[in-house]
Amino acid sequence: MTETEPLPADRLPQHVAIIMDGNGRWAIQRGLPRLAGHRAGTENLRRIITASVEFGIKYLTIYAFSTENWGRPPEEVQGLMRILEDVIDKELGELHKEGVQLRHIGRLERLDPKIQEKVLNAVELTKNNERLILNVAFNYGGRDEIVCAIQRMIRDGVPPEAVTVDLVSQYLFTAGVPDPDLIIRTSGELRVSNFLIWQAAYSEWYITQTFWPDFGKEEYRRALEAYVQRDRRYGGISPVVSSGKSDAG
Ligand code: FPP
C-alpha cells in the first residue's frame, strides 16, 4: 500500500486506543525537563486527533494520566494537570469545529474542582458532535474502573445471575463505546499498564520503538495498514486459513 493510496474503509479499526509513552525519554535525550516531553507529546496528540478524523476513525481513546501517575514527582503531576487545562482552554473551540466529541473516562473526584468543571463543560459543549469520539483517560485505571463498576452494580441491587459480560461492559466508564480494535503503544514497552484491561480482551496491538512525540501521521498510517492485514479470530479459527490445528488466538 503506498502512502497516498486510501486506506480500505471497510477494514479500518472503528476504535483506536493509544498509550502515549516515551515523553520523558524523548525529553531526556534532548537534555530537556520531562515536562517538555509531555508538551511535545501534547502537540503530537493534536496532530493524531486531526489524522484520526482524516482517516475516518470513529473512536479514539488516549491514556493521558493513570491512577498510578499520582506517584510521580509533584511538579510532574502538576504539569500534567496544567496540560489538561491548557488543552481545554486552547484547543476546545477548534476541536468542537472539527466535530470532535470529548468524553472523559476515569474518576474526576480527585482533580482540582476548577479542572473538573472545565472537563464537564467540554463534554457538555461537544456532546452532539459525531465525527470523532475522543475518550480522554485521565485519572484512569482499568482495575479502578472494574472496582467502580462492581460497586455500582451492588448499589443498584443487580442480582448475581444478571451479571453478564454485556452488563459489566455497560457499567464501565466506556459504556456504549465498542471495545478497542487496535491499541498502539509507543516507546517499545511490552506492558498493558492497567489500560482498558477489560475492553482489550481481543484488541490487536501495535508496538513501536518510536517515542510518542515522534509518532506522526505517517507511522499512524503504517499502524493502520498493519491492522488491516491482521486476521482477527476472537478465539475461533480463521474462515480463510483453516489449518485444522487447535488455536488459542
Ligand atoms: C507517558 O510517558 C506519558 C504520560 C504519563 C502522559 C501522557 C500525556 C500527554 C501526551 C499529554 C496529553 C494530555 C492531555 C491531558 C490531553 P512517560 O512520561 O512515562 O515517558 P517515559 O517512559 O519515557 O518516562
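Residues 8 to 256 (the numbering used here) make up the sequence shown, in order.
In this text, a Cβ means the ideal position worked out from N, Cα and C, and glycines have one as well.
1) Which residue comes first and which comes last in the alpha helix (DSSP H) that contains residue 107?
2) Considering only residues of the same chain and omitting the five flanking positions on each side of residue 162, which have a CB-CB separation below 8 Å?
3) If you draw a straight line from the C-alpha of residue 44 to the C-alpha of residue 68, how long is it?
4) Just curious, the alpha helix (DSSP H) that residue 74 is in, first and last residue?
5) Here's the rule: buried if 16 or more other CB atoms are within 10 angstroms of the residue's CB, otherwise exposed. What is residue 77?
6) Expressed to the nearest angstrom, what Euclidean distance is found between the alpha-carbon atoms of residue 217 and residue 199?
7) Does DSSP classify residue 205 as helix, strand or coil?
8) Looking only at its chain, what residues have a beta carbon closer than 7 Å to the beta carbon of residue 253, apart from the 5 residues adjacent to it on each side?
9) Provide the residue(s) that pair with residue 22 in DSSP beta bridges, ordered along the chain.
10) Would you grab the beta carbon distance between residue 114 and residue 146 for me? Rounded to a whole angstrom, and I think it's under 8 Å.
11) Roughly how many whole angstroms lie between the Cα atoms of residue 24 and residue 164?
12) Can you look up residue 128 in the DSSP assignment and give me helix, strand or coil?
Taking the coordinates as given:
1) Per DSSP, residue 107 belongs to no alpha helix (DSSP H); it is in the beta strand (DSSP E), 107-112.
2) none
3) 20 Å
4) That residue, residue 74, is in no alpha helix (DSSP H); it is neither H nor E in DSSP.
5) exposed
6) Using only the alpha carbons, I get a separation of about 17 Å.
7) Residue 205 falls in the coil class under three-state DSSP.
8) Reliability fails at residue 253, whose pLDDT of 49 lies under 50, so the model's placement of it is uncertain and no value is given.
9) 66
10) 5 Å
11) 32 Å
12) helix
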